[in-house]
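**Student:** Chains as they are written, first to last, in my numbering: chain A, 1 to 145; chain B, 1 to 658.
Provided herewith is a single structure, encoded as C-alpha cells, for subsequent inquiry.
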C-alpha cells in the first residue's frame, strides 16, 4: 500500500472496470507479475456503459477516497459504444459528487485495452498516488455514514 | 423465505499450488470468512479446479445444504465456467455462484504478504456479500444456422473454408480482392522445402471454387454483422465488377484490347503494368476480370471507349452494374484477414524509394516469380544480373522505434531468397541479421544449408545504405554500412541490389473488420485471441474464430494448421446444433417503468420496444446483448441487467469498503 510519511492514511479505492478490456488488462498485469499497491478493490462490470451514477456515489458515501473507471478505447467497445455513453455521463457525475463535497479529481476515467497490462499497472499506481496526495476526503468526516 | 432462498454460503479458498498460498495466508482468509453472516462453511484447498476440489463443493452442497457458493481463486475469465458447472452438477442453479479473483488481482501483483492477505479477505467478503443477492437465472437453447462465414481468401481463409465445407457445412468465403489466393499466390517458392507455391496453391484455389459447399464472394466486403453465436446475420457487399460473372468465359480478349495499359500492377508490387480491365494474375480464381473504375475511360473519365464491350463475344461487360447486397444466415465466423508487409519508406536509412535497386521482400518475390514482371529472372532495372546482393533482416521489426515484435517469417524467407539468388544468378549474397530465428521443422537445417552454399552472414543491424562509394570502380553501386557485432568492425559492402526483409503488420482495414465483429486488437493491431495459450483460435465474441496472420505473424505451416483448427472450432459448434443464450440480459420491471423511453434511446441493438397498451418498455430477449446501457440510463431503476443488479453491485461495493 502507498503509505504517507505523515500519517497512516491508506486510501480506499474502488475500480469499476469493463470485463472486456480493463479487467482483462488487470489479469494480464497479474500474469505478467506487474505489482501495484494493494489499495485497489476492483468490481467487474460488463461495460462502463452499465455503470449507474449511483454506484459511484454509493462508493464515495461508503468511504471510498477515489473511484476509478476503466473502459475500452473509443471504437473498441464490445457493445459498440457503451464506453462513450459513460463518457457522456461523466460531467453530470462529476457535478453530483462535487455537490456532495467530493473533489472531481477523486473520480478518474481511463481507457485501458485488453492487452495493456503495463498501462493498467501504471494507471493504478498513478491514481493511488494522486489520491494519496489529496489526502482523505474532507467530506467523509463531515457526514454520518 | 424458502429453504432455497435462505442463504447458506460455502466459501472455498484455493491455494493454486504455490501461486496464491504462500503470498496469501489462505487459512487466515478462511478463518475470517467463516465468521461472516450466512457463511456455512469456509475451506481452503490446494487446487479447487481439480476433480477433488470440485467434488468438495458438490459434496458440501449436497450434505450441508449449501445454496450459494463462492470460490476465491483465479480470474473468472479462467474458471468461472468450471465452477458454475460443478454447482449445476450438484443440482443448484449455476448463477448462485461468485468468484473472487485473488490470484491475478492479489497474489501475483502484491509484494507484501500481509497486504495481500488483507486484500484477499476483503475481496472474498465482497463476493460473499454479492452472492447473497444472487438469483437463479435461466438460459435458453437456440438452434444454430449450419453455415460458416470466412472473411479473407488467403491461404488461411481458403483452408478454413475447405475444412468446414468438407465437414458438410455451407461456407461463404468473402474476399475483397478480385481473386482469392492472398499473399501466398505471390510467392514462387516456400521455405524450407522450396515447394513451388503455385503448385500447392493453385489447385487449392480451384478446389475452393469448385466445392459445392463453398459460395465464393470475391471483390466483396462484409458490410454489416448482427446477431449472436449460431445466429449471425451478415450483409455482404458485392462491389460492381462491371463484368457479368455468369456470362464471362475468362477468354481474356477484353484485357488484350483495353487501351488503358499503364496502370501499376498491385499484384506485381508496382513492378509491371496492367490494363483497366484486369485479373490480378493469370491463375486468378475466379477467372473473371474486374474493371478498375478509376482508370477506365468509360467509368472513370467519362470518355468514349467501350472497346472491351465491343470485343466481348458473350456480352459480359456491364458498365451499369451496381453494388449488390447479400444477406447471409451464419452460424460461425472465421476471421482470416491476414497481414500486409510493412512499407519501409519511412525508414530512411535504407533508401527505399530513393534508390531503384532497393527492393522490399514482396517486390523480390515477384521479381523472382515465374509469373512476375521478369518471368522469374532476377534482373536489375537496367536489365543486368546482379553480382552481389545484400539482404537486410528485421526491417521494421524488432525495432523500438517501429514494430517491437519479431515478424517470425523474415529470417526464413531471407534465407530462401539467398538460396534462390545463389541458384539462379550465382550472385554473392550477404545477409545482415540481428539473430537468426529458425525454430521450425527443417528450418535450422535450411539455415545450415544456405551457409554451406556460401551465403555470408553479418551479425549487425544495417546503419545506412548509400550511393556514395569509396572505390571509384564501384560507381553506380550501393554501399551497405553496418557494424559486424561479432568482429566489432564496421563493414562497408558495395552491392548491386538490396532486399529489405520487411516485417508483417495487420492488413489494411482490419480495424474496420474488428469494429464490425466487435473484436478487440492488441497494441500492434493484431486481433486478440480469447486466451493466449488455451484458446488461441477463439475470440471474446462467442462464435467468432481467428485463423492465420490476423492474430499475429505466422508462417504458412502454422497458418494452415491454425485455419484447420479454427474450422474445427466452428464445426464443433455447428455439429452440436444448439447454443445456450446468455442469461445476463436486461430486464425492465413493468411496475417501476414510467414509460420515459430513455432506455429505448440508449439501446444500441434496438432490443427494447414500447408496449403502447401498458405504456412500458419491454426487452426483446433474443436481441439484448446485456450491455446495460439501459440500466444506467433508466431514471427510475426499472431497467437492470440480470446478474448485475443494483443490489448485487452495491452489495459488493459496500463490502469492499467495510
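No residue lacks a Cβ here, since even glycine has one placed at the ideal position from N, Cα and C.
Model, not experiment: these values are computed from the prediction.
(1) Based on the DSSP secondary-structure assignment, which residues constitute the bridge partners of residue 644 of chain B?
(2) Report the residue from B:492, B:555, B:217 and B:427 whose alpha carbon sits nearest the alpha carbon of residue 471 of chain B.
(3) Say whether chain B places a C-beta atom closer than 8 Å to the C-beta of residue 5 of chain A.
(4) Mind pulling the chain B residues with CB within less than 8 Å of residue 112 of chain A?
(5) In the DSSP output, which residue or residues are listed as bridge partners for residue 147 of chain A?
(6) Cβ of residue 710 of chain B less than 8 Å from any chain A Cβ?
(7) Would you mind working out which of B:21, B:44, B:207 and B:105 sits nearest residue 29 of chain A, comparing C-alpha positions?
(8) Quick one: give me the first and last residue of the alpha helix (DSSP H) that residue 30 of chain B is part of.
(9) At a CB-CB cut-off below 8 Å, which residues of chain B make contact with residue 116 of chain A?
(10) Closest Cβ-Cβ distance between residue 644 of chain B and chain A: below 8 Å?
(11) Chain B partners of residue 47 of chain A, CB-CB under 8 Å?
(12) According to the neighbour-count rule (16 or more other Cβ atoms, all chains shown, within 10 Å of its Cβ), is residue 578 of chain B buried or exposed?
(13) Based on the DSSP secondary-structure assignment, which residues constitute the bridge partners of residue 238 of chain B?
(14) To which residues of the same chain is residue 379 of chain B closer than 7 Å at the C-beta, ignoring the five residues directly before and after it?
(15) Within the same chain, show all residues whose beta-carbon is closer than 7 Å to that of residue 245 of chain B, passing over the 5 residues directly before and after it, in chain order.
(16) Would you mind giving the Cβ-Cβ distance between residue 325 of chain B and residue 507 of chain B, rounded to the nearest angstrom? I have them listed as a contact below 8 Å.
(17) With a cut-off of 8 Å, does the C-beta of residue 656 of chain B fall near any C-beta of chain A?
(18) Given that residue 36 of chain A touches chain B, what residues does it touch there, using C-beta distances under 9 Å?
(19) Starting from the C-beta of residue 237 of chain B, find all residues in its chain whose C-beta is less than 7 Å away, skip the five residues before and the five after it, and write them out in chain order.
(20) Can at least three beta-carbon pairs, one atom from the segment 79 to 98 of chain A and one from the segment 125 to 137 of chain A, be found at a separation below 8 Å?
(21) Look at the Cβ atom of residue 563 of chain B, then the Cβ atom of residue 301 of chain B, and state whether they are nearer than 8 Å.
(22) Nearest to residue 72 of chain A by CA position, among A:131, A:10, A:12 and A:109, is which residue?
(23) Going by DSSP, what residue range makes up the alpha helix (DSSP H) through residue 92 of chain A?
(24) Return the residue from the list B:147, B:151 and B:11 that minimises the CA-CA distance to residue 166 of chain B.
(25) Going by DSSP, what residue range makes up the alpha helix (DSSP H) through residue 551 of chain B?
(26) How close, in whole Å, do the beta carbons of residue 389 of chain B and residue 495 of chain B come, if the pair is a contact with beta carbons under 8 Å?
(27) Assign residue 337 of chain B to buried or exposed, taking buried as 16 or more other Cβ atoms, counted over all protein chains shown, within 10 Å of its Cβ.
(28) Measuring CB to CB, does residue 71 of chain B end up less than 8 Å from residue 14 of chain B?
(29) Give a yes or no on whether the minimum CB-CB distance between residue 540 of chain B and chain A is below 8 Å.
(30) Would you report the Cα separation of residue 653 of chain B and residue 125 of chain B, rounded to the nearest angstrom?
(31) Based on DSSP bridge pairs, tell me the residues matched to residue 14 of chain B.
(32) Here's a check: name, in chain order, each residue in its chain whose Cβ is nearer than 7 Å to the Cβ of residue 455 of chain B, leaving out the five neighbours to either side.
(33) For the segment 625 to 632 of chain B against the segment 582 to 593 of chain B, do three or more pairs of beta-carbon atoms, one drawn from each stretch, fall closer than 8 Å, so that the two count as touching?
(34) Kindly list, in the order they appear in chain B, the residues whose Cβ is closer than 8 Å to that of residue 130 of chain A.
(35) Mind checking which residues open and close the alpha helix (DSSP H) that includes residue 256 of chain B?
(36) Please report the residue range of the alpha helix (DSSP H) in which residue 203 of chain B lies.
**Tutor:** The structure says:
(1) B:641
(2) B:492
(3) Caution is warranted here: a pLDDT of 45 is assigned to residue 5 of chain A, below 50, making its placement in the model unreliable, and the coordinate value is therefore given only provisionally. Taking Cβ atoms only, chain B never reaches closer than 8 Å to residue 5 of chain A, which makes this a no.
(4) By Cβ distance, chain B contributes nothing, its closest Cβ being about 11 Å from residue 112 of chain A, past 8 Å.
(5) Chain A is shown only over 1 to 145; residue 147 of chain A falls outside these bounds and no answer can be derived.
(6) Residue 710 of chain B is absent from the structure shown; chain B starts at 1 and stops at 658.
(7) B:105
(8) 26 to 34
(9) 523
(10) yes
(11) 627, 628 and 629
(12) exposed
(13) B:220 and B:324
(14) 385
(15) 286 and 288
(16) Not confirmed; about 23 Å, so no contact.
(17) yes
(18) 109 and 110
(19) 220, 221, 223, 323 and 325
(20) no
(21) no
(22) A:109
(23) 82 to 99
(24) B:147
(25) Segment: none, residue 551 of chain B is in no alpha helix (DSSP H) and carries neither H nor E.
(26) 6 Å
(27) buried
(28) yes
(29) yes
(30) 11 Å
(31) B:45
(32) 418, 422, 429 and 431
(33) yes
(34) Under the 8 Å cutoff, chain B gives no residues; its nearest Cβ is about 19 Å from residue 130 of chain A.
(35) 253 to 257
(36) 197 to 210
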